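Residue numbers (this note's numbering): 9 to 89. To start, the structure under review is shown below, and the notes come after it.
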């Protein structure tokens, strides 16, 4: 269930960004609609809270080979005693 809440938070964040862009467009047209800004603030805040409450995603292992290369490189850089 917490993964679902995190996904809803991501959706709210994306919609909030769209409202910020819409507010910026109305501001540049010299006819600002502050309702867009207020809705964006509410959505971004709610989305951030939902994202923080959600479970952290598990490691997918996509870049495990890269981490292995970095560990090998770090071992080679260490001075020998």
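Every residue gets a Cβ at the ideal spot worked out from N, C-alpha and C, and that includes glycine. Bear in mind the structure is a predicted one, so any value in this text is a computation, not a measurement.
By Cβ distance below 7 Å, which residues in the same chain neighbour residue i in space, the five residues on each side in sequence not counted?
{"i": "residue 48", "result": "24, 27, 28 and 31"}
Excluding the 5 residues flanking residue i on each side, which residues of the same chain have their C-beta closer than 6 Å to its C-beta?
{"i": "residue 74", "result": "none"}
{"i": "residue 40", "result": "34"}
{"i": "residue 4", "result": "This structure gives no information on residue 4, because the portion of the chain shown stretches from 9 to 89."}
What span of residues does the alpha helix (DSSP H) with residue i cover, start to end?
{"i": "residue 61", "result": "42–61"}
{"i": "residue 24", "result": "10–36"}
{"i": "residue 76", "result": "72–85"}
Whole angstroms are fine: how far does the CA of residue j sit from the CA of residue i?
{"i": "residue 42", "j": "residue 85", "result": "56 Å"}
{"i": "residue 83", "j": "residue 46", "result": "52 Å"}
{"i": "residue 80", "j": "residue 66", "result": "24 Å"}
{"i": "residue 76", "j": "residue 68", "result": "15 Å"}
{"i": "residue 36", "j": "residue 12", "result": "36 Å"}
Does the segment 52–59 come within contact of the segment 15–23, defined as at least 3 CB pairs closer than 8 Å? yes
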